[in-house]
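Throughout the sequence shown, residue numbering follows my numbering, covering 14 to 529 in sequence. Heads up: the structure comes next, in structure tokens.
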Amino acid sequence: MTTLTRSAFLQELAGTHLSLARARSDARLGGIDFGALDRNRDGYLAGDEELGGLFEALDHFDRNGQRDSIELGTLLSPTRVGIMVNVLRALAEPLAGPAPGPSAPRPLPAAFNGFRDRALASAFPSGLQGQLLRGARGPQVVALQYALGRLDLLHDLCDGVFGSLTRQAVMACQNRYGLVTSGNVDQALLQRLDLELRGYDARTPAARAADPLAYLSDFRTLGLPPIRLNSTAEVFNWGSRAIRTAFGVFVGHYWTVMKQNRVEGDCKNIALFLMDQFRKQLKQDRMVDLPHPVLYRGEREKAWIVATPDRPQGLFTRADRLARTSPSRVRRPGYQAVLNIQALDPAHSMLYGVNVHYPEISADRVAKSTTRLFDWDPLRDNRGDSRRPEVPVDQLEPGNVIFIDHSGDGSFDHTVTVITVEKDTAGHTRRLVLAVGSYDDVRDTSSATSVEGVGLAIVNVYAEEVTVMLDAAGRVVSSTVSWSSEPDYVVDGRYSARTTLMEQRSGGRVIVSRWG
């Protein structure tokens with residue numbers, strides 16, 4: 014529960030004013046007599062006296078019993094007064110002040126010798142004279158947002174627009190580092206950001222390890238519980254109930270490790286990596302050596318290709334060569350923040366953790382090597398209704414793998430691993446957590462984001478977690494990207510229930526399988 018004091022409220026809104034016309038038009042602020050608060054009768058609320066009166070009006074909706082503070086609730090569950098405060102923050106506009114004269118710019122601190130951070134240095138080559146306020150746009154705002162995002166203060170795209178979320182992130186930054194919480198950006202704040210970023214290392218623990226795969230396979234150090242087989246059998250295979258149950262438990266624990274280390278790969282590689290790491294720990298813990306379920310009899314296992322930002326692997330040179338010789342440049346909608354960042358920091362990499370790839374195995378081959386639990390049923394065709402999954406959600410179990418023929422060409426091109434299944438007391442599935450991965454055509458300068466390098470369309474690989482909420486009838490209530498291997502200040506989540514629980518074209522198929 015977040016508490017906002019009167020003094021913090023006044024400090025936060027210092028240098029801003031609130032339009033009564035805009036405030037009255039928002040139904041969430043209903044119940045506040047704005048006319049009575051406008052003592053200057055100028056149509057705005059500004060200054061400690063009027064804003065202090067506004068705080069008192071907000072206090073009438075608070076239930077904490079304290080006159081000098083109000084309870085805002087949490088980000089996911091704000092109180093009524095918390096909602097009102099968020100609306101007021103969004104409506105607050107900076108007061109117009111006199112423009113500084115061109116002959117007398119605000120002097121920079123004598124110690125300023127330029128920023129070390131590439132993005133800040135590119136956007137502010139001579140530092141910041143004056144202030145950067147809400148409503149500003151352009152590369153300077155991108156550099157600010159990029160810095161705030163890396164310090165885990167901004168969870169919004171680097172779109173170059175200084176809006177309410179950016180202002181909230183600025184205030185959180187000022188509060189964290191003991192600066193005046195104004196919501197405005199000055200040279201002192203930028204220098205503090207630059208100082209904090211000097212020690213910033215985007216690499217995850219696995220990416221920093223000398224051998225990332227060995228790090229990800231040190232199950233005891235990672236804190237994974239020992240694998241237990243609730244069976245008295247002496248011989249096990251992938252079809253054993255005890256193995257299937259143990260794998261379902263394992264994926265929940267190990268997926269957390271993968272998220273913490275930003276392990277990414279396309280959809281089949283995410284599924285294969287979970288399966289292969291389970292085999293590895295099972296052999297360590299129980300001396301049970303399960304065969305690789307996808308390989309043909311007698312086919313030798315291949316080594317995983319593992320890439321990190323500073324240690325790229327794979328066929329990057331081919332992708333780079335194609336990029337140089339191809340006259341086309343694909344620009345998908347939704348990736349403008351990436352381009353904004355790369356314009357300021359050309360060395361920016363789209364790989365934030367560890368990229369894993371098992372060579373020379375297609376999603377279709379993986380699908381056809383598994384045991385089908387539920388085959389495609391034409392009666393489940395939802396005919397475009399994205400609320401209706403095309404798989405039997407009540408029968409899904411952790412560790413199941415969903416294969417989808419999205420294109421309708423007869424081959425499976427997408428893989429989804431079921432991580433978590435939560436049911437109600439009647440046995441209906443109400444919450445699913447799904448692991449997916451894919452690739453797109455967004456490049457960085459080195460192609461270090463791809464371990465495949467087979468063309469311009471397979472350059473940037475990523476992984477995502479999709480959380481799907483369902484009603485008692487099995488219909489989709491909501492679906493969100495609850496985690497991504499790429500930060501939320503760089504790109505929005507891309508997957509949903511529509512792309513994980515159903516096919517998208519006439520003739521497509523969806524099946525549910527298990528390994529082996």
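Every residue gets a Cβ at the ideal spot worked out from N, C-alpha and C, and that includes glycine.
Going by beta carbons, M288 and W528 fall inside the 8 Å limit. Annotation for I256: no beta strand (DSSP E) segment contains it, though the alpha helix (DSSP H) segment containing it runs 254-273. Distance between D46 and Q142, taken at the CA atoms: about 39 Å. Of the other Cβ atoms in all chains shown, 16 or more fall within 10 Å of the Cβ of M97; this residue is therefore buried.
Within the same chain, P402, V406, H441, T442, R443, R444, L445, V489, V490 come within 8 Å of L483 by CB-CB distance, once the 5 residues on both sides are set aside. The three-state secondary structure of L33, taken from DSSP, is helix.
In the DSSP assignment, the residues bridged to I524 are F416. Contact between the region 275-289 and the region 501-509 is absent, with fewer than three C-beta pairs closer than 8 Å. For M363, the three-state secondary structure derived from DSSP is coil. In the structure shown, Y213 adopts coil according to DSSP, grouped into three states. With fewer than 16 other CB atoms across the displayed protein chains lying within 10 angstroms of its CB, H73 is exposed.
In chain order, G162, Y365 place their CB closer than 7 Å to the CB of P500, counting only its own chain and leaving out the 5 sequence neighbours on each side. In the same chain as G421, and ignoring 5 residues on each side of it, the C-beta atoms closer than 7 Å to its own belong to R518, S519, G520, G521, in chain order. Look at the region 279-329 and you find these whole runs of alpha helix (DSSP H), each 4 residues long or longer: 280-299. DSSP, read as helix, strand or coil, puts I45 in coil.
Cα atoms of P359 and N99: separation of roughly 36 Å, rounded to the nearest angstrom.
R254 has its alpha-carbon roughly 12 Å from the corresponding atom of T245.
By the Cβ neighbour-count rule, V248 is exposed, with fewer than 16 other Cβ atoms within 10 Å of its own.
As the crow flies, the alpha-carbon of Q158 is around 8 Å from that of F175. Taking C-beta atoms as the reference points, F232 and Q297 count as a pair closer than 8 Å.
D55 and V429 have their C-alpha atoms roughly 58 Å apart. Here L33 is actually not in contact with D61; their C-beta atoms are around 18 Å apart, not less than 8 Å. Scanning L208, V155, H427 for the CA closest to the CA of E516 turns up H427. CA-CA distance, V481 to S492, rounds to 4 Å. The secondary-structure analysis by DSSP pairs F387 across a beta bridge with V525. Here I83 is bridged, per DSSP, to L17.
According to the DSSP assignment, V449 belongs to the beta strand (DSSP E) that extends over 442-453. For I374, there is no enclosing alpha helix (DSSP H), as DSSP marks it with neither H nor E. Here R299 really is in contact with L242; their C-beta atoms are around 6 Å apart, less than 8 Å. In the DSSP assignment, N473 falls outside any alpha helix (DSSP H) and lies within the beta strand (DSSP E) extending over 473-483. The C-alpha of Q294 lies about 9 Å from the C-alpha of F263.
DSSP places N53 in the coil class of the three-state scheme, outside both helix and strand.
Short of 8 Å from the beta carbon of G151, and not among the five residues preceding or following it, lie these beta carbons of its own chain, in chain order: G173. In this structure, the CA atom of L303 is about 25 Å from the CA atom of V434.
The three-state reading of DSSP puts N368 in strand, counting E and B together.
The beta-carbon distance between Q181 and R102, rounded to whole angstroms, is 7 Å. This is short enough to meet the 8 Å contact definition.
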